[in-house]
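Numbering (full-length UniProt numbering), first residue to last: 1 to 278.
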Amino acid sequence: MDLWDIGRLLLRRWFVFIPLLLITAVATLQTSNYVKPEFTATGSLLLVPPNGKAAPVPAGKQAPPGNPWAELGPVQMAQAVTIILESQKVRQEAATQGVEPGYTLKIVTRSAIIEASVTSKSTGKAQATVQWVLKKITNEINDKQKAFAEQPTLKINTETLDGAGTVTPVTTGVRRAQIGIAGVGFLITIVFTIIVDALITMIRRRREKMVRGAVRAVVPAGQTTVHSSLFSARDAKAKSITSADTMVLSVISAEDEPTVRQAGQNAGPSAPDGPPQH
């Protein structure tokens, strides 16, 4: 069965196909009432390079070591902190704190800006996760520069750009569910229509076989009649096969009940009245 045959079958059984198709459409539209959208929150933080110089060292004293992170720069610090926060250990800590562990971090190209984003089913949890991540970044940067806690001008500092977390709804899950329901519903509609067509065809052939058996039961031995349709008088076209005698069998259908009428056997032309002509 190719696509053309399936199309003709669906048109022939439209009384089954169309209602099921409407049910599928309604179910697809109602999906948004049961599948809730998710929310994505994003926040950003800037790493600021040192803006001061070390105090002059008194004579006779050794100069304290410089800040290695300041020498590397804010970009390298941002990369290091990003790797730390994306580790499994920190993600497990986030889960224990009640925030989403599936956050993502990204460094803006050619800058020391770290962007944090997370997707959650609630706006509150999404915002709380972003705030937790930004605070964790700040703590990691300060921990790596503890030796310069009393000299903030010599260390890399952070400046929050978007700490509250900008929340946007995400409807990807709803659309994915709608596409899935529409596809499965359409497939079920086609399969169910094919099954109904097969059942109707089987019942019709069974009834036709029963009527043929009834017709054969009333036909005398030696006479065989093949009928193409026993259910519709307007479509009935009988084909008669005569062996020894000539017989005409007519099958007339009235309300799906066949009636058999048999003509006389060996019926020849009627002889004219009166004496034969010489």
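Here a beta-carbon is modelled for each residue, glycine too, at the ideal position from N, C-alpha and C.
Distance check for arginine 12 and methionine 202, CA to CA, integer angstroms please.
Cα to Cα, methionine 202 sits roughly 16 angstroms from arginine 12.
Which runs of the beta strand (DSSP E) spanning at least 3 residues fall entirely within the segment 63–110, listed in chain order?
Listed in chain order, they are 104–107.
Do the segment 120–135 and the segment 92–100 meet, that is, are 3 or more Cβ pairs less than 8 angstroms apart?
Note that the segment 120–135 touches the segment 92–100; at least 3 beta-carbon pairs, one per stretch, sit closer than 8 angstroms.
Just reading off the alpha helix (DSSP H) that isoleucine 137 is part of, what are its end residues?
123–143 is the extent of the alpha helix (DSSP H) around isoleucine 137.
Length of the line joining the Cα atoms of threonine 168 and phenylalanine 39:
Going from the Cα of threonine 168 to the Cα of phenylalanine 39 covers about 6 angstroms.
Whose C-beta lies closer than 6 angstroms to the C-beta of asparagine 67 among residues of the same chain, with five residues either side of it excluded?
Answer for asparagine 67: Phe148, Leu154, Lys155, listed in chain order.
Proline 169 - partner residues in DSSP beta bridges:
Residue pairing by DSSP places proline 169 opposite Phe39 in a beta bridge.
Indicate whether alanine 182 and threonine 24 have their beta-carbon atoms separated by less than 8 angstroms.
In this structure, threonine 24 lies closer than 8 angstroms to alanine 182 by Cβ.
Is the closest heavy atom of the ligand GDP to the C-beta of threonine 104 under 7 angstroms?
No copy of the ligand GDP occurs in the structure displayed, which carries no ligand at all.
Glutamine 145, buried or exposed, once every other Cβ within 10 Å from all chains shown has been counted against 16:
Answer is buried; the Cβ neighbour count reaches 16.
Use the C-beta contact count for glutamine 127: other C-beta atoms within 10 angstroms, 16 or more gives buried, fewer gives exposed.
Buried.
Taking only the alpha-carbon atoms, compute the straight-line gap between arginine 175 and threonine 104 and give it to the nearest angstrom.
Distance from the CA of arginine 175 to the CA of threonine 104, rounded to the nearest whole angstrom, comes to 23 angstroms.
Ordered along the chain, which non-local residues of its own chain (more than five positions away) have a Cβ less than 8 angstroms from that of glutamine 79?
The beta carbon of glutamine 79 is closer than 8 angstroms to those of Ile107 in its chain, skipping five residues each way along the sequence.
Once you ignore the five residues that flank methionine 77 on each side, which residues in its own chain have a CB closer than 6 angstroms to its CB?
Within the same chain, and ignoring the five residues on either side of methionine 77 in sequence, the residues whose Cβ sits closer than 6 angstroms to its Cβ are Leu47, Trp69, Ile156.
Run through DSSP, which three-state label would asparagine 33 get?
Asparagine 33 falls in the helix class under three-state DSSP.
Tell me which residues share the same chain as alanine 177 and place their Cβ nearer than 8 angstroms to its Cβ, disregarding the 5 neighbours each side in the sequence.
If you ignore the 5 residues before and after alanine 177, its C-beta comes within less than 8 angstroms of the C-beta of Thr31, Val35, all in its own chain and listed in chain order.
Residues near leucine 9 in its chain [Cβ-Cβ closer than 6 angstroms; skip 5 each side]
Here the set comprises Asp197.
Can you check which of these residues, Asn142, Lys209, Thr189, Arg207, is closest to glycine 7 by C-alpha distance?
Considering only alpha carbons, the answer is Thr189.
So isoleucine 6 is in the beta strand (DSSP E); what residue range does that whole segment cover?
Where isoleucine 6 is concerned, there is no enclosing beta strand (DSSP E), although the alpha helix (DSSP H) it sits in stretches over 3–12.
Is the Cβ-Cβ distance between leucine 85 and isoleucine 137 less than 8 angstroms?
Closer than 8 angstroms, so yes.
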